[in-house]
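Visitor: Here's a structure for you.
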Amino acid sequence: MSWTLVADVVAAIFLLCGAFLAFAAGVGVVRFPDLLARMHAATKPQVLGLILVLIALGLRLRSWSAVGMLVLVVIFQLMTSPVAAHMVGRAGYRTGKVRPDLLVLDDLTADQEAADREKDVADREAAARAEDAEGDGGTRRG
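In short: position in the sequence shown from 1, add 125, done, that's our numbering.
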């Protein structure tokens, strides 16, 4: 039993596991009921599935330049996927796509209400400044 045969078998196992996780992520996106569950399905198993597929590819190619490139892909995927999921979840929450009855803990409500109050205050101040500028005949005094 040679090293290349063992590496090929391990690569095949990783490839099958990664493909299964990517498939499960796709099924989860289609089947889950709300945005947050779908977002979870789109990020967690998909990233792990991609990492397993890339490990399998690295074991099969056995080239340092290819492995280096695959490591960069894994690093960028691990850096961007959580940020993208956070932004999608936050945007979905702000637009009302999240079902509040399915939330166990809702930390964003207080933050959203505070941000809305700050925006209202800023809008009123801007409107007051615009009225003052109109009342002065549009001239500025320096």
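Think of the CB as a built atom: it goes at the ideal place given N, C-alpha and C, for glycine as much as any other residue.
Kindly indicate the opening and closing residues of the alpha helix (DSSP H) around Ser206.
Guide: 189-219
Visitor: Quick one: what's got a C-beta closer than 8 Å to Ala144's C-beta in the same chain, skipping five residues either side?
Guide: Gly174, Val178
Visitor: Quick check: Gly183 and Val172, are their CB atoms within less than 8 Å of each other?
Guide: no
Visitor: Let me know if Arg109 comes out buried or exposed under the rule of 16 or more other beta-carbons within 10 Å of its beta-carbon.
Guide: The chain is shown only over 126 to 267; residue 109 falls outside these bounds and no answer can be derived.
Visitor: What first and last residue would you give for the alpha helix (DSSP H) that runs through Phe275?
Guide: As shown, the chain starts at 126 and ends at 267. That puts residue 275 outside it, with no answer to give.
Visitor: Taking 8 Å as the threshold, find out whether the stretch 185-199 comes into contact with the stretch 151-165 through three or more Cβ pairs.
Guide: no
Visitor: So Ile180 packs on Phe139, CB below 8 Å; how close in whole Å?
Guide: 5 Å
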